[in-house]
Amino acid sequence: DVEVLLDIQERPVLYAKEFSTPSKDNITGKIEAWRELSIKHKYSENKLKSRWAFLRKKFRNRLRANYGGDPPSGDIPLDDFEPMRFLIHHIDWDRAERLKRKPISYYPAAYCAPECDVKLEEDVQVLSSDEEGHSSNSHYANLDEYPQPAPEVSLQEYKTDCDSSGTTKDDELFLMSLMPFMTQLSGCQKLRARIRIQQILYEELQKLE
1 DVEVLLDIQE RPVLYAKEFS TPSKDNITGK IEAWRELSIK HKYSENKLKS
51 RWAFLRKKFR NRLRANYGGD PPSGDIPLDD FEPMRFLIHH IDWDRAERLK
101 RKPISYYPAA YCAPECDVKL EEDVQVLSSD EEGHSSNSHY ANLDEYPQPA
151 PEVSLQEYKT DCDSSGTTKD DELFLMSLMP FMTQLSGCQK LRARIRIQQI
201 LYEELQKLE
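Set out below in structure tokens:
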């Protein structure tokens with residue numbers, strides 16, 4: 001681990017704040033850096049990334065448990081985590097505190113009708129095929145106008161590297177693929193679905209810490 005950490009330290013693109021923006025140059029730099037480390041240490045890129053994510057999260061959790069929301073001074077001994085000292089100034093301490101608080105939904109409760117009880121623990125219920133036949137036929141004149149569901153894609157079949165799939169175009173395509181399903185939901189169901197999606201995004205942000 002120590003040798004890998006030393007090599008990661010020499011590649012700020014993998015951890016420095018200034019490289020956190022998902023731009024084309026930053027993504028390309030990360031891909032190249034992991035490829036170099038994989039060749040040098042004779043481990044797969046996925047194994048290196050997983051180990052790095054585990055050590056980084058453990059290091060940050062230890063620091064926050066010991067020092068709260070303030071970064072430790074340079075002379076504080078870090079014991080087993082000494083090789084990761086270079087990460088101290090690349091942790092967004094304020095952001096970590098913000099993420100501990102429960103996020104406020106962008107969509108206010110007033111958006112939903114008064115009789116709609118928004119409960120996050122409830123499942124978002126999509127109409128079954130029989131119910132859809134009774135409630136949705138009036139909206140579409142023929143079968144061609146029915147919203148078509150997005151094709152199912154297996155994660156095993158999706159071989160694009162995660163670091164290379166973070167483009168704005170990918171995000172736009174994903175949001176567009178949700179439209180056929182959103183049109184089948186009531187106002188309250190749409191609200192619950194949006195809040196669920198927001199929660200997942202916040203959870204993914206927390207994993208970065």
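So the sequence shown is numbered by the UniProt record's numbering: it starts at 1 and just counts up by one.
Heads up, the beta-carbon is just placed ideally off N, CA and C, and yes, glycines get one too.
The UniProt domain "MADF" (3 to 92) is shown to contain whole alpha helix (DSSP H) runs of 4 or more residues at 24 to 41, 45 to 67, in chain order. For TRP52, the CB contacts under 7 Å within the same chain, skipping 5 residues up- and downstream, are ILE8 in chain order. Bounds of the alpha helix (DSSP H) holding ASP170 are 168 to 182.
Judged by DSSP secondary structure, LEU185 falls outside any alpha helix (DSSP H); it is assigned neither H nor E. A direct Cα-Cα distance of roughly 39 Å separates MET182 from HIS90. Listed in chain order, the non-local C-beta contacts of LYS42 below 6 Å within the same chain number zero, local neighbours out to five positions each way being set aside.
Only buried fits LEU87, as 16 or more other CB atoms lie within 10 angstroms of its CB.
Spatial neighbours of LEU48 in its own chain (CB-CB distance under 8 Å, excluding positions within 5 residues in sequence) are listed in chain order as VAL4, TRP34, LEU37, SER38, HIS41. Inclusion of VAL2 and PRO77 in the CB contact set at 7 Å is not warranted, their separation being larger than that value.
One alpha carbon belongs to ARG85, the other to ARG194, and they sit about 39 Å apart. The alpha-carbon of ILE200 is positioned some 30 Å away from that of PHE81. For ASN61 and LYS207, the gap between their C-alpha atoms comes out near 11 Å.
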